[in-house]
């Protein structure tokens with residue numbers, strides 16, 4: 061059984077075009093999502109996936125209707141393949157029930173993996189460059205100078221002031237004060 065899926069945003073007017081194409085592809089049931097830019101929820105796709113049975117085919121008008129990204133599309137196609145469900149994209153003429161469609165599926169998988177590797181490589185290079193410039197990342201410390209940290213430790217050790225008084229005077233929380241003290245006196 062051919063099951064169709066339509067996705068349109070508020071700014072697009074492709075719904076009739078997609079419905080006509082899916083009707084021409086003899087889709088017996090069609091699920092649809094009207095997506096605004098703010099939401100990632102795709103109830104229509106979830107319903108279509110729940111409706112599909114082994115041997116069925118999920119049909120879309122165009123590849124970008126099925127996945128938000130290449131990685132998302134690959135996850136969807138992999139899930140369908142594991143469930144013995146074919147996938148057809150009418151515009152790109154991809155049909156995973158054919159040998160050439162399976163080849164395209166595997167090429168898309170290799171491209172998705174390549175994209176993930178490139179992103180990981182760029183991220184690591186950016187982090188290394190930032191570390192080389194002296195940026196360690198993360199949130200800045202509450203007490204910026206070592207002198208202030210030393211003062212906090214000294215006042216804590218003197219026990220002349222209560223913990224709330226120290227925190228108020230230094231402008232730090234109780235947890236921050238204890239963390240600075242612990243860093244000076246690591247457990248054995």
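Residue numbers (this note's numbering): 61 to 248.
Each residue gets a CB set at the ideal place from its N, CA and C atoms; glycine is no exception.
Take the Cβ of residue i as the centre, count every other Cβ of all protein chains shown within 10 Å, and call the residue buried at 16 or more, exposed below.
i: residue 158; result: exposed
i: residue 187; result: exposed
i: residue 117; result: buried
i: residue 156; result: buried
i: residue 93; result: buried
i: residue 174; result: exposed
i: residue 105; result: buried
i: residue 146; result: buried
i: residue 179; result: exposed
Residue i and residue j: beta carbons closer than 8 Å?
i: residue 252; j: residue 108; result: Coverage of the chain is limited to positions 61 through 248, which leaves residue 252 absent and any answer about it impossible.
i: residue 119; j: residue 85; result: yes
i: residue 63; j: residue 112; result: yes
i: residue 203; j: residue 232; result: yes
i: residue 79; j: residue 90; result: yes
i: residue 241; j: residue 199; result: no
Could you tell me the boundaries of the beta strand (DSSP E) in which residue i lies?
i: residue 149; result: 146–149
Mind checking which residues open and close the alpha helix (DSSP H) that includes residue i?
i: residue 159; result: 159–192
i: residue 221; result: Neither: residue 221 is in no alpha helix (DSSP H) and is coded neither H nor E.
i: residue 131; result: 130–142
i: residue 156; result: Looking at the DSSP string, residue 156 is not in any alpha helix (DSSP H), and its letter there is neither H nor E.
i: residue 234; result: 234–244
Worksheet item: Are the region 191–207 and the region 143–154 touching, with three or more C-beta to C-beta distances below 8 Å?
Response: No, the region 191–207 does not touch the region 143–154.
Worksheet entry | In chain order, each beta strand (DSSP E) run of at least 3 residues that lies wholly inside the region 63–126 | 89–95 and 117–120
Discussion item. Under 8 Å, with one C-beta from each stretch per pair, do the region 154–173 and the region 137–144 reach the 3-pair mark?
Written reply: Below 8 Å, enough C-beta pairs join the region 154–173 and the region 137–144 to call them touching: three or more.
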